[in-house]
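I have placed the structure first, in the form of structure tokens, so that the comments after it can refer back to it.
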Amino acid sequence: MSPLTKVQSLLTKPFMPAVFFLSGVTYDTLTLTRIDRLQDNLILLLYLAMLGALIVLTGRVGMESPPDPEQRSASSPFMRWVLESRPYYPMASQFLLGSLFSAYTIFYSRSATFSGTAVFFTLLIMLLVANEFLRDRLSNLRLLVSLYAVVCFAFFTFFLPVITGYMNAAIFVVGAMLSVAVILRVAQLIYRNNPDRSREEGIGVTVPAAALIGVLVGFYFLNWIPPVPLSLKFGGIYHDVKRPGDQFELAFERQWYEFWKRSDTTFPSNTPIYCFTAVFAPVDLNTTIYHHWYYRAHSSRPFSHADKIPLKISGGREGGYRAYSFKQRLDPGDWRVDVEAGDGRILGRVSVSVVDQGETQPTLATISY
Numbered sequence: 007m008s009p010l011t012k013v014q015s016l017l018t019k020p021f022m023p024a025v026f027f028l029s030g031v032t033y034d035t036l037t038l039t040r041i042d043r044l045q046d047n048l049i050l051l052l053y054l055a056m057l058g059a060l061i062v063l064t065g066r067v068g069m070e071s072p073p074d075p076e077q078r079s080a081s082s083p084f085m086r087w088v089l090e091s092r093p094y095y096p097m098a099s100q101f102l103l104g105s106l107f108s109a110y111t112i113f114y115s116r117s118a119t120f121s122g123t124a125v126f127f128t129l130l131i132m133l134l135v136a137n138e139f140l141r142d143r144l145s146n147l148r149l150l151v152s153l154y155a156v157v158c159f160a161f162f163t164f165f166l167p168v169i170t171g172y173m174n175a176a177i178f179v180v181g182a183m184l185s186v187a188v189i190l191r192v193a194q195l196i197y198r199n200n201p202d203r204s205r206e207e208g209i210g211v212t213v214p215a216a217a218l219i220g221v222l223v224g225f226y227f228l229n230w231i232p233p234v235p236l237s238l239k240f241g242g243i244y245h246d247v248k249r250p251g252d253q254f255e256l257a258f259e260r261q262w263y264e265f266w267k268r269s270d271t272t273f274p275s276n277t278p279i280y281c282f283t284a285v286f287a288p289v290d291l292n293t294t295i296y297h298h299w300y301y302r303a304h305s306s307r308p309f310s311h312a313d314k315i316p317l318k319i320s321g322g323r324e325g326g327y328r329a330y331s332f333k334q335r336l337d338p339g340d341w342r343v344d345v346e347a348g349d350g351r352i353l354g355r356v357s358v359s360v361v362d363q364g365e366t367q368p369t370l371a372t373i374s375y
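Dropping the structure here:
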């Protein structure tokens, strides 16, 4: 058996799609570093453009039957190549969609939390996995355009804040409108000067995609979309925070055997308490985040608002912009600090139990960040 035959035989194995899927996700995880990296964003933009062009070709050329000999001979070399490559359009669409969903899953995972913001992140994971089983359905124009609407929306949600330096509802709405504009342009290119396609068919393709973007806009105002491009790099509760130089010194209670601890999980009620966080933001993005303090006296009761402290941050630092808030003489019970973007979406959460320890002096350790 020749080496080529062996490779072809291996590629037909039933486990190979899973191997390619996991390999692609692993590769993206290792290579996609910063959400504001120009090279990564240009690659994603190229994928979006290629996918849009492929959808236009799928719509205009169709997938019904291969070209006959007379059609091939009457066409230009480029058109002959376009017509003959029609059976491979679904595979190319699947590759581009998989690459985009994989990249978005990685970027959004850095901002998602186990709260409402996990909804959109979960949707991306479901679409990433489902894409592996959609090859036979990717000649369906309505499905293709709807998936294209999602990948355009997910891209503009983080790309516009990166390039403008602003992150607010207005920028988000502009991104949604750009997504709709791209979808309408793709539909226009499909149906322009194409007598075989009716106006009703064009509406049937674009309306579901536009409605899907409308639903995703609703996700935003429900705080169900992670606050990309911001992400919480580090957070914890401490007895003291100092900055003698470029590094912050963070003091917390730790016994000699608790080598894994990096912050306090329980805290004495008679001591000032510090919440320290490091939030990554893209270069040139200046915004305000909030340390939103919540309290409950018993685990059977819900958390209630205690304080909300604004902190101005600026982007560019790899390890995140470092800032802290502090409070004094907290009541015993469960406390948590939600690190929130300006629009209320949660970047992360730091929790601690406050207990009455009397006058016992804790054993403190220090780490630098």
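Numbering-wise, this note's numbering comes out as the position in the sequence shown, counting from 1, plus 6. Even glycine gets a Cβ: it sits at the ideal position worked out from N, Cα and C.
Bridge partner(s) assigned by DSSP for residue i
i      : result
CYS281 : ILE243, SER331
VAL356 : VAL343
PHE298 : Note that residue 298 corresponds to His in the displayed sequence, not to Phe. DSSP, once it has assigned bridges, lists LYS314, ASP344 as partnering HIS298.
TYR286 : In the sequence as presented, Tyr is not what sits at residue 286; that position holds Phe. SER237.
THR372 : ALA257
PHE273 : VAL360
ASN292 : SER320
LYS248 : GLU255
Close beta carbons around residue i, own chain, < 8 Å, minus the five adjacent residues each side
i      : result
SER275 : ARG335, LEU336, ASP337, PRO338, VAL360, VAL361, ASP362, GLN363
PRO308 : ARG302
ILE189 : VAL151, TYR154, ALA155, CYS158, THR212, ALA215, ALA216, ILE219
PRO174 : The sequence as given places Asn at residue 174; Pro does not occur at that position. Contacts found: GLY348, ASP349.
THR170 : ILE177
GLN253 : SER374, TYR375
ILE61  : SER99, LEU147, LEU150, VAL151, TYR154, VAL192, ILE196
ARG260 : LYS267, THR369, LEU370, ALA371
ARG249 : GLU255
LEU38  : ASP46, ALA109, ILE112, PHE113
GLY210 : ARG148
Best match in the options for proximity to residue i [C-alpha to C-alpha]
i      : options                        : result
THR369 : CYS281, GLU264, SER305, ARG307 : GLU264
SER108 : ARG148, SER310, LEU140, VAL157 : VAL157
GLY224 : THR39, LEU38, PHE126           : PHE126
MET97  : THR119, ARG143, THR111, PHE113 : ARG143
VAL285 : ASP340, PHE273, PHE139, PRO233 : PRO233
LEU317 : SER306, ARG323, SER310, THR293 : THR293
ALA59  : ASN174, LEU102, ILE231         : LEU102
TYR114 : TRP299, ALA160, SER145         : ALA160
GLY350 : LEU54, ARG198, TYR300, LEU228  : LEU228
GLU324 : LYS239, LEU184, VAL179, SER91  : LYS239
GLY181 : ASN199, LEU222, ALA193         : LEU222
SER185 : SER320, LEU353, LEU54, GLY321  : LEU54
ASP340 : LYS333, SER305, VAL192, GLY322 : SER305
ILE315 : GLY322, LEU38, PHE332          : PHE332
ARG198 : ASN47, THR271, VAL67           : VAL67
GLN194 : LEU63, TYR226, TRP262          : LEU63
Pairwise C-alpha distance: residue j and residue i
i      : j      : result
ILE219 : GLY326 : 31 Å
PHE178 : LEU52  : 21 Å
TYR280 : PHE273 : 10 Å
ARG92  : SER310 : 59 Å
PHE139 : SER99  : 12 Å
TYR172 : GLU90  : 46 Å
GLN14  : LEU106 : Reliability of the predicted coordinates at GLN14 is poor, the pLDDT of 46 falling under 50, and no value is obtained from them.
GLY208 : ASP270 : 59 Å
THR366 : LEU353 : 34 Å
GLY321 : LEU133 : 31 Å
LEU291 : GLU206 : 44 Å
LEU48  : ALA187 : 20 Å
ARG43  : GLY251 : 28 Å
Under 8 Å between C-beta atoms of residue i and residue j
i      : j      : result
GLU255 : SER374 : yes
ALA312 : THR283 : no
THR119 : ARG355 : yes
ILE295 : VAL247 : no
THR277 : HIS297 : no
TRP299 : THR123 : no
SER145 : TYR95  : yes
7 Å CB neighbourhood of residue i in its chain, flanking five on each side removed
i      : result
ARG268 : GLY242, ILE373
ARG116 : SER237
MET56  : LEU102
GLU70  : Bear in mind that the predicted position of GLU70 carries a pLDDT of just 43, short of 50, making it unreliable; the figure below should be weighed with that in mind. Cβ neighbours of GLU70 beyond the five flanking positions: none.
ARG342 : TYR300, PHE309, ARG355, VAL356, SER357
ILE319 : VAL285, ALA287, THR293, ILE295, TYR327, ALA329
ILE131 : THR111
PHE162 : GLY181, LEU184, SER185
LEU50  : LEU106, ALA109, PHE161
TYR226 : PHE178
Own chain partners of residue i with C-beta closer than 6 Å, once the 5 adjacent residues on each side are dropped
i      : result
GLY104 : ASN137
PRO235 : ILE41, PHE164, PRO167, VAL168, PRO288
GLY65  : LEU147, ILE196
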